[in-house]
Amino acid sequence: MTVTFRTLAGASLLVALMGSASAQTTITVATVNNGDMIRMQRLTPAFNALHPDIKVNWVTLEENVLRQRVTTDIASKGGQYDVLTIGNYEVPIWAKQGWLMPLENLGADYDQADLLPQVAQGLTVDGKLHAVPFYAESSMLMYRTDLLAKAGLKMPENPDWDFIADAAAKMTDKSAGIYGICLRGKAGWGENMAFLTSMNNSMGGAWFNMEWKPEFNGAEWKKTLDTYLKLMKEYGPPGSSSNGFNENLALFQTGKCGMWIDATVAASFISDPKESQVADKVGFAPSPVRKGGSNHGNWLWSWNLAIPATTSKAEAAKTFVAWATSPAYTKLVAEKEGIANVPPGTRTSLYKNPDYLKVAPFAEMTLKEIESANTQKPSDQPVPYTGGQFVAIPEFQAIGTAVGQQFSAALAGTSTADQALAAAQALTTREMTRAGYPKK
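Going left to right, the sequence shown walks through residues -23 to -1, 1 to 417 as mature numbering (1 follows the signal peptide of the UniProt record, and there is no 0) numbers them.
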């Protein structure tokens, strides 16, 4: 039977009813262009099937750009985004400012108790989660087993920086386009400074002493930067001052790197034969120590989904966040992409799953490095801060990036190591003084 509305009022009613039936809430998700997030976007139709009333608008950005934009937006209460991808550096700082919504009641099947304690702790403020982890990582050494064997070397249980230098020299074959080592060179507090801060921790150094005075004029930072520049200039790929995580990932996957010290999350990508040309020739070891030392400088990082307090679409945003970080999402990735490719480092159950352990040769090392990362005492020296590869104070984001620019310039050859360290000391001293440190 066909019903025809013959009045203007009737026509208006029909339009209203049709609009109500198809109404959608659109949420905007800001995320980083890393592999696991790209995969999440590919799998969004599965979310749409469960929640046809929610449309997801993706804003996918390079890491440094993402940090800059979401920081500006949330600090200014701009309200551009309904879901943010942020790190465990930002979460406690922003939560204390009241910028993030607490995340409670994420669903009966969410199993919050399954989150790895080390990871959940960094996202908890006043007893409540203010973000949930999409994936978590530490850092480790990834290397080509065939190139190491060809060099006549065997990977030690705890490699030190002297071994790394020797191995890098012997693995390098520039005529074949093979470089002994690939490390982050792109400037940014979460790019080259994540690596260099961790390396400096392993060298026995620190960002600040107990009086909040910068330590770039000390022997440890001198040793760190000299070693780094020698490795990169003699055995690293050309243009390395522009290389961050994603660029080095591509280099390793295409057989250009002998060793790579970086995030454990890379392991599934370099050992996946569908994505990596060297998948069957990859080994894993702890991040290096200084000779006679025991501090690996391995970091603890998580990329997390959070909801800004400015959103007017909190329920829809929460529904998406719960889906993307749930056991059900892990199962979806396992079914569609293979269990070795599920987001790592967030759930205890994953590291007790025999199916995962069987196909993920990096699983044991990943968990070991996450659990051993000492964010409360990152340096062998007494320090007034926590954080690992970052200093957990609001000022670090700007200072870390400024220092990273000095060190990237030294790698590019536009300044010397000594000039970069002197500039880092001066600018950090100036900014910390301006910020009122030491604070009582």
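Virtual Cβ for every residue (Gly too), placed ideally from N, Cα, C. Quick caveat, the model's predicted, so the values are computed rather than measured.
### Contained alpha helix (DSSP H) runs [length at least 4] in the region 244 to 332, N- to C-terminal order
244 to 247, 291 to 301 and 304 to 314
### Task
Taking residue 121 as part of the beta strand (DSSP E), name the residues at either end of that continuous run.
Residue 121 sits at position 144 when you count from the first residue of the sequence shown. From DSSP, the beta strand (DSSP E) with residue 121 extends over 116 to 121.
### Task
Could you spell out the range, first to last residue, of the beta strand (DSSP E) harbouring residue 236?
Here residue 236 corresponds to residue number 259 of the sequence shown, with the count starting at 1. Run containing residue 236: 234 to 240, per the beta strand (DSSP E) assignment.
### Task
State the start and end residues of the unbroken alpha helix (DSSP H) segment that holds residue 377.
If you number the sequence shown from 1, residue 377 lands on position 400. It spans 373 to 389 - the alpha helix (DSSP H) in which residue 377 sits, taken as one unbroken run.
### Query
So does the region 161 to 174 actually touch the region 257 to 269, counting three or more Cβ pairs closer than 8 angstroms?
no
### Message
Could you check whether residue 281 and residue 9 sit closer than 8 angstroms to each other, using their CB atoms as the reference points?
### Response
Here the question's residue 9 lines up with position 32 in the sequence shown. Here the question's residue 281 lines up with position 304 in the sequence shown. It is not a contact, given that the beta carbons lie outside the stated cut-off.
### Message
Between the region 191 to 207 and the region 243 to 255, can you find at least three pairs of beta-carbon atoms closer than 8 angstroms?
### Response
no
### Task
Tell me, to the nearest whole angstrom, how far the beta carbon of residue 6 is from that of residue 42; I am working on the premise that it is less than 8 angstroms.
Working through the sequence shown from its first residue, we reach residue 6 at position 29. Working through the sequence shown from its first residue, we reach residue 42 at position 65. Wrong, their Cβ atoms sit about 15 angstroms apart, outside the cutoff.
### Query
Just to confirm, are residue 107 and residue 100 a CB contact at a threshold of 8 angstroms?
If you number the sequence shown from 1, residue 107 lands on position 130. If you number the sequence shown from 1, residue 100 lands on position 123. Contact flag set, yes.
### Task
For the region 78 to 150, list the alpha helix (DSSP H) runs that are entirely contained and at least 4 residues long, ordered along the chain.
94 to 98, 122 to 127 and 138 to 148
### Reduced DSSP secondary structure (H/G/I, E/B, other) of residue 185
On the sequence shown, residue 185 is found 208 positions in, with the first residue counted as 1. Residue 185 falls in the strand class under three-state DSSP.
### Message
I'd like to know whether the C-beta atoms of residue 116 and residue 31 end up nearer to each other than 8 angstroms.
### Response
In the sequence shown, residue 116 corresponds to position 139, counting from 1. In the sequence shown, residue 31 corresponds to position 54, counting from 1. Not closer than 8 angstroms, so no.
### Query
Going by other Cβ atoms of all chains shown within 10 Å of its Cβ, with 16 needed for buried, is residue 134 buried or exposed?
Here residue 134 refers to the residue found at position 157 of the sequence shown. Classification of residue 134: exposed, given that the 10 Å Cβ count is below 16.
### Query
In or out: residue 340 buried (at least 16 other Cβ within 10 Å) or exposed?
Position 363 of the sequence shown, counted from the first residue, corresponds to residue 340. Counting Cβ neighbours within 10 Å, residue 340 comes out buried, since at least 16 surround it.
### Query
In three-state terms, what does DSSP make of residue 61?
Taking the first residue of the sequence shown as 1, we reach residue 61 at position 84. Three-state result, residue 61: strand.
#### Entry: Stretch-stretch touch, CB-based, cutoff 8 angstroms, three pairs: the region 272 to 279 with the region 341 to 355
yes
### Query
Can the beta-carbon of residue 205 be found closer than 8 angstroms to that of residue 173?
Residue mapping note: residue 205 aligns to position 228 of the sequence shown, counting from 1. Residue mapping note: residue 173 aligns to position 196 of the sequence shown, counting from 1. Yes, the Cβ-Cβ distance between residue 205 and residue 173 is below 8 angstroms.
### Task
For my contact list, residue 255 and residue 321 are in at a C-beta cut-off of 8 angstroms; report their separation, rounded to the angstrom.
As a working mapping, residue 255 is identified with position 278 in the sequence shown. As a working mapping, residue 321 is identified with position 344 in the sequence shown. Not a contact, Cβ separation roughly 20 angstroms.
### Query
Can you pull the DSSP bridge partners for residue 34?
For the purposes of this step, residue 34 is taken as the residue at position 57 of the sequence shown. According to DSSP, residue 34 bridges with 5.
### Task
Could you say which of 310, 21 and 63 lies nearest to residue 38 if we only look at CA atoms?
Position 61 of the sequence shown holds residue 38. For the residues 310, 21 and 63, the minimum Cα distance to residue 38 belongs to 63.
#### Entry: Status (buried if at least 16 other CB within 10 Å, exposed otherwise) for residue 329
Here residue 329 refers to the residue found at position 352 of the sequence shown. It is exposed - the Cβ of residue 329 has fewer than 16 other Cβ atoms within 10 Å.
### Task
Pull up the CB-CB distance for residue 148 and residue 171, whole angstroms please, since I reckon it's below 8 angstroms.
On the sequence shown, position 171 is the one that residue 148 refers to. On the sequence shown, position 194 is the one that residue 171 refers to. With a Cβ gap of about 24 angstroms, residue 148 and residue 171 do not count as contacting.
#### Entry: Straight-line gap, residue -1 to residue 150 (C-alpha atoms, nearest Å)
The residue you call residue -1 lines up with position 23 of the sequence shown. The residue you call residue 150 lines up with position 173 of the sequence shown. C-alpha separation (whole angstroms): 60 angstroms.
### Message
The alpha helix (DSSP H) that contains residue 158, what's its start and end?
### Response
On the sequence shown, residue 158 is found 181 positions in, with the first residue counted as 1. Residue 158 -> not in any alpha helix (DSSP H); beta strand (DSSP E) instead, spanning 156 to 159.
### Task
Spell out a yes or no on whether the region 361 to 376 and the region 63 to 73 are touching, meaning 3 or more CB-CB pairs, one atom from each, closer than 8 angstroms.
yes
### Query
How about residue 323 and residue 102: are their beta carbons less than 8 angstroms apart?
Position 346 of the sequence shown, counting from 1, holds the residue named residue 323. Position 125 of the sequence shown, counting from 1, holds the residue named residue 102. Contact: no.
### Query
Rounded to a whole number of angstroms, what is the C-alpha to C-alpha distance between residue 227 and residue 391?
For the purposes of this step, residue 227 is identified with residue 250 of the sequence shown, where counting begins at 1. For the purposes of this step, residue 391 is identified with residue 414 of the sequence shown, where counting begins at 1. Straight-line Cα distance between these residues: approximately 26 angstroms.
### Extent of the continuous alpha helix (DSSP H) to which residue 210 belongs
Here residue 210 refers to the residue found at position 233 when the sequence shown is read from its first residue. Residues 196 to 212.
### Message
Less than 8 angstroms between the beta carbons of residue 208 and residue 158, yes or no?
### Response
Reading the sequence shown from its first residue, position 231 is the one you call residue 208. Reading the sequence shown from its first residue, position 181 is the one you call residue 158. In this structure, residue 158 lies closer than 8 angstroms to residue 208 by Cβ.
### Query
Nearest to residue 121 by alpha carbon, out of 416, 230, 189 and 294?
Within the sequence shown, the letter at position 144 stands for residue 121. Measuring from the Cα of residue 121, the nearest candidate turns out to be 230.
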